[in-house]
Structure formats: C-alpha cells, structure tokens
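Presented below is the structure to which this report refers.
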Amino acid sequence: MSSTIDAPAGKRPPAPRAVLTARNGVAVVFALNGLAVASWFSRVPAAQEALDLNPGRLGLLLLCASAGSLLAMPTAGLVTQRLGPARTVAVSVVLVSLGLTVAGLSASLVGSVVGVGFGLAAFGFGSGMCDVAMNVEGAAVEKRLGYTILPRFHAAWSLGSVAGAGLGAGAAHFGVPVGVHLPVLSVLILAGTLVGARAFLAATAEAAGAGEPAARRQALLAAWREPRTLLVGLLVLVMAFTEGSANDWLAVAFVDGYGVDEAVGAAVFGVFVVGMTIGRTVGTVAIDRWGRVPVLFTTIAMASAGAALAVLAGNGPLAVVGVALWGLGASLGFPVGMSAVADDEDKAPARVSVVAVIGYTAFLAGPPLLGFLGDHFGVLSALGVVPLLLLPTLALVPVLRERPAAPDTQTGAPAAKVG
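The sequence shown begins at 0 in numbering that gives the first Met the number 0 and counts up one residue at a time.
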C-alpha cells in the first residue's frame, strides 16, 4: 500500500515497514467503516418512502442499529483479545456487509420492516465490534510509531463518511434503488476492509489471543472498576454527544432557527464536518508538540464557545463561524480518549470496550433528548445544552494525561510523547 497518512518530516524516528503498512491498513479500515455508516444514513429517506413509515416508526426502526452497536461493545474487547484486531475486524465486516445487504433488499424489494430491522441490528453489531477492534489496532500502531496518529484515523473515518454521503446522494439523484446501491457497496466495503485488515500488526494479533477466557473476563470486569477508565469514558460520552448532536440536528436547527432553506442547512452541516476533519488532521501535530491535556483543554473550550455562538449569534453568518469552531473543537475528544485508555497495550481491548460502551450511549440517548427539548423550546435553543455540558467537562481533561510506557521490544520504537 502507498502511504496514506503522512506527518512532518525530520521530527519522527524511522518506523519499520510493517508498522507503516499497518498504519495504512488501519486508515483503510476506518475510512471504509465511515463509508458503510454514511451509505445507510444517506438512503434513510428512500427506505422510509419504500416502507411508508411515519417519523415515529422510522425513529424506532433506526434504534435497531444503535441497539446492535451497544450489544456488541461490552463483549467486543473480549473478542478482540481472543481473536486479535485483524480477525475481529474480518468477522465484523462480514456482519456489516450482510446487514447492509439485508436492510437494502428488505426495504426495496420485500418491503419488510422486520427484515430491515434485523439487517440494521446485524449492521450495528458488526460496526460496534469493528469500532473497538480498529481503535485497539490504531492505538498499537500509534505506540510503535512513537507519535500521535489516532485522530487522523478518525479523520479517515470522516472522509469515508463524506464519500458515503456523496455516493448516496448520487444514487438517490439517479434513482438507483436501495436494494441495488447498498448490496453493491457492501461487496466493495467487505473486500477493501479484508485487504486493510491483512496489513495489521501480526504481533498484535498473536498477543491478543493469549490468556484464558476467565482471565480475559476478569480483565474486562476490572476495567469497569478503574476510576480513570470510567472518567475517560464520561469525557468521551460528552464529546460523542457534542459530535452527534451536530450530526443529527444542526441542519434542522438552522432551517428552524435562522430561516434558511434546506440546501443552506446542509451546507452549514458541511462546515461542521470540514471543521472536524481539519481538526483531526492537524490536531495530531499540536498534541505531539504540547501534549494531550493543553490541546484538549483548548479544543473543548473552543467547541463550547463555538456551539454557544452558533445558538446565540442571532444572525446566520456569525452563527456559521460558531459552527466552524464547534467542529474544530469537537474533533479530538473521542479519538484522544480512545488513545488514552489504550496507553497500556495489554489492557487496551478491555478498556477501549468500556469507553466505547459509555461513549456510544450518547448516540442512543442524544437524539430523543434533543428532540424532546426541541419540541418545547425549538431545535436551535435545544442545542444550547451542548456548551452547558462541555464547560464542566473541562475538569475531566487531566485524566487524559499519558502514562509513560516502555519502548516496544520488537521494533525498538520509543513510547509516545507524554502529554
């Protein structure tokens, strides 16, 4: 594979070829996971029309994917420890592809709500399991490289989601049925992800299977009792809510609160996505220079100020500036939280699983919470919850401070910089 994620030259130790190959493989897996998720959500209107669902029933149907993800994550750490990240990703992408195919065919050809529900549950389960495994592998690659890169993997996920949304919009424009679009894309996602997973670190996969099942279960239970892991999970929960609230409601809020048309509302959401992608791409340089704590304190404060400005600006152009700051500021919390709990590679699968369960609760509870507030106060005003949650979260930032780790014994790469 060619290099896909590069960094400033002259400031990093040379990395073995296998580590660079694994880096690129992880980037591919992240990007294709984002492509899969966005491909479904871009065709939700088509599925709704095919199934003749009102908004309430559609909302219940969409919960199947979230429920599948939350069911997967408590055990995803155990599975990753047992099989290794590469094989876990391989198993999970089969579920993702199968789920997308079943959902697409059930909506377009069969017209079965139950079939779509089962497809989305499988899709969500596979996506949730893949999320844990690819973050564990990304953290292992980051440790061997000796510099911060996990946020760039999440930037690859964002780029994949933008591509998925674009392909979905194109398919809708040209009248491609969901039952054709999603199955065809599923095959490409399956093939590409399997190729990317083959590039993962072999040593990581071998080591992950070590240990008795009872010991792995004990490690997961122990992770749920670790104060630092739980506090990082709480921080990731708020950052997931900060990101998810914009994904779900930002375009609607501008249409409802500022009176713009739907095209402008979609463009405003695009500003947020671009801000997220830029933040995750360039934020790694800032973290390597100044450390996790100062950078995350600054970016979370920026997200709080940007969200408040977007809600309170009173005019569209100034509010869009707030949206840009919101996207930049929200970009690093989730990936850096995952990186922080993976500082100890041996305990990373269990800890990442715990943080993922806590963090993804925001994607399940956030939409109905903001919808309830939106019914009473308006969608734009409801988004004022975001800065109110972010400000006290600043007190949690010190838990992200990196713990010194020994150099990797196989590659000789130094431990990542202490932040």
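Ideal placement from N, C-alpha and C gives every residue a C-beta, glycine not left out.
| Asked | Found |
| --- | --- |
| Cut-off 7 Å between Cβ atoms - residues of its own chain near Ile-299, not counting five sequence neighbours on either side | Gly-328, Gly-332, Leu-389, Thr-392, Leu-393, Val-396 |
| Separation of Met-238 from Ala-49, as counted between CA atoms | 34 Å |
| Cβ-Cβ separation, Leu-52 to Leu-60 (assumed contact under 8 Å), whole Å | 7 Å |
| Classification of His-180 by the beta-carbon crowding that lies within 10 angstroms, buried from 16 upward | buried |
| Beta-carbon proximity list for Gly-103, same chain, < 6 Å, skipping 5 on both sides | Val-177, Gly-178, Leu-181, Pro-182 |
| Val-354 to Gly-127 span [Cα, whole Å] | 12 Å |
| Cβ-Cβ separation, Gly-167 to Ser-244 (assumed contact under 8 Å), whole Å | Wrong, their Cβ atoms sit about 22 Å apart, outside the cutoff. |
| Where Ser-1 falls: helix, strand or coil (DSSP) | Interpretation of Ser-1 is limited by its pLDDT of 39, a score under 50 that renders its predicted location unreliable; no figure is taken from the coordinates. |
| Span separating the alpha-carbon of Leu-399 from that of Ile-286 | 12 Å |
| C-beta atoms of Val-270 and Val-310 nearer than 9 Å | no |
| Whether Val-27 touches Gly-191 by CB criterion (9 Å) | yes |
| Distance between Leu-108 and Trp-289 (C-alpha atoms, nearest Å) | 54 Å |
| Cβ neighbours of Gly-274 in the same chain (closer than 6 Å, five flanking residues each side left out) | Ala-323, Gly-326, Leu-327 |
| Residue environment, Val-186, which counts as buried when at least 16 other CB atoms sit within 10 Å | exposed |
| Distance, Gly-110 Cα to Glu-401 Cα | 51 Å |
| Leu-77 and Leu-219 closer than 9 Å at C-beta | yes |
| Spatial neighbours of Ala-14 in its chain, beta-carbon cut-off 6 Å, leaving aside the 5 residues before and after | Leu-144 |
| Every unbroken alpha helix (DSSP H) within the stretch 25-58, with a cutoff of 4 residues, ordered by chain | 43-50 |
| N-terminal and C-terminal residue of the alpha helix (DSSP H) that Lys-142 is part of | 112-144 |
| Per-residue DSSP class, three states only, for Gly-83 | coil |
| Three-state secondary structure assigned by DSSP to Phe-199 | coil |
| Alpha carbon of Leu-234 to alpha carbon of Ala-349, nearest angstrom | 17 Å |
| Residue from Leu-229, Val-335, Leu-387 with nearest C-alpha to Gly-305 | Leu-387 |
| Proximity below 9 Å, CB of Val-25 to CB of Ala-154 | no |
| For Val-140 and Ala-412, the rounded distance between their alpha carbons | Reliability fails at Ala-412, whose pLDDT of 45 lies under 50, so the model's placement of it is uncertain and no value is given. |
| Simplified DSSP state of Trp-325, which is helix, strand or coil | helix |
| Helix, strand or coil at Leu-368 according to DSSP, with G and I counted as helix | helix |
| Per-residue burial, Pro-150 [other beta carbons within 10 Å of its own, 16 or more giving buried] | buried |
| Under the three-state DSSP convention, the category Val-292 falls into | helix |
| Terminal residues of the alpha helix (DSSP H) in which Ala-250 lies | 226-257 |
| Span of the alpha helix (DSSP H), counted from its first residue to its last, around Gly-377 | Note, Gly-377: premise wrong, no alpha helix (DSSP H); not H, not E. |
| Cβ-based burial, Val-131 [other Cβ within 10 Å; buried from 16] | buried |
| Status (buried if at least 16 other CB within 10 Å, exposed otherwise) for Arg-16 | exposed |
| Straight-line Cα distance separating Asn-314 from Gly-123 | 38 Å |
| Coarse secondary structure for Gly-315, derived from DSSP in three states | helix |
| Candidates Phe-362, Gly-116, Pro-316, Ala-120: closest to Tyr-257 by CA position | Pro-316 |
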